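To keep things clear, I will list the structure first and then write my remarks on it.
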Amino acid sequence: MTLRTLPVLLALLVPAALPVAAQKGPLQLAGTWDAETPDGPRTVIIRADSSASYGDETVRWRVVGDSIHIAFGDEWMVYRYQLKGNRLTLSGGDLEDPISLKRTGPPQPRAEGVPLPEAPPADRRGIGANGKAPAPTRSGGSRQG
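Using the working numbering, the letters of the sequence shown correspond one by one to residues 708 to 852.
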C-alpha cells in the first residue's frame, strides 16, 4: 500500500467503524432488536436493504421524518419512532401503547431465497389504533407522523 492509497482506504473504512447510533439517516435503525410483549419476547431484524423480519415474516420499511413506514401486505402502517442509543420506541399506527425495543446486535442478512417484498403505493395507509387512517395532505399524499 502506498501513501497515496491510505487516505482513500481511511475514507472508506472510518464510516464503517462508527457506532451505528452515530450514523445519520435510516441506517441507524439497522440491527437486531428485542422487545418484551404481552405475548412474550420478540426479535425484530431491521436491515439497511429496507427489509425487516420478525418470526417468519419479512416486510419492507422506510423512514419519513420521525416516522417509520412498514408495509404489511398492500398498505403502509405508519409509526412514530424515537431512537436513543440502543433503545427504539415505536408508537402510533396499530399500537395501543408505545413499545420499546433494545438493540442486541447487528442485523442478520435475509435468508437465501427470501425476496424483498414489493413496496405498496405511497398513498396506501393502514388503519391506526384509533380506527382512522392518517389524514390526507393537500398534495394527495398522507400526513407524516
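Heads up, the beta-carbon is just placed ideally off N, CA and C, and yes, glycines get one too. Source: prediction; values computed, not measured.
_Going by the DSSP bridge assignment, what does Ser760 pair with across the sheet?_
For Ser760, which the question treats as bridged, DSSP gives the partners Ile752 and Thr765.
*asked:* Looking only at its chain, what residues have a beta carbon closer than 6 Å to the beta carbon of Ser760, apart from the 5 residues adjacent to it on each side?
replied: The residues are Ile752.
_Please list the terminal residues of the continuous beta strand (DSSP E) segment that includes Glu782._
Element bounds for Glu782: Glu782 to Lys791.
_Glu782 beta carbon less than 8 Å from that of Arg831_ = If you check the CB distance, Arg831 and Glu782 come in under 8 Å.
_Closest Cα partner of Asp801 within the set Arg794, Pro822 and His776_ = Among Arg794, Pro822 and His776, the Cα nearest to that of Asp801 is on His776.
*Where Pro814 falls, given that 16 or more other Cβ within 10 Å makes a residue buried*: Buried.
*asked:* Tell me the DSSP secondary structure of Leu734 in three-state form.
replied: Leu734 sits in a helix when the DSSP states are folded into three classes.
*Burial state of Pro726 (16 or more Cβ within 10 Å)*: Because Pro726 carries a pLDDT of 41, less than 50, the predicted location of this residue cannot be relied on, and no value is offered for it.
_Ala826: first and last residue of the uninterrupted beta strand (DSSP E) it sits in_ = Element bounds for Ala826: n/a, residue is neither H nor E.
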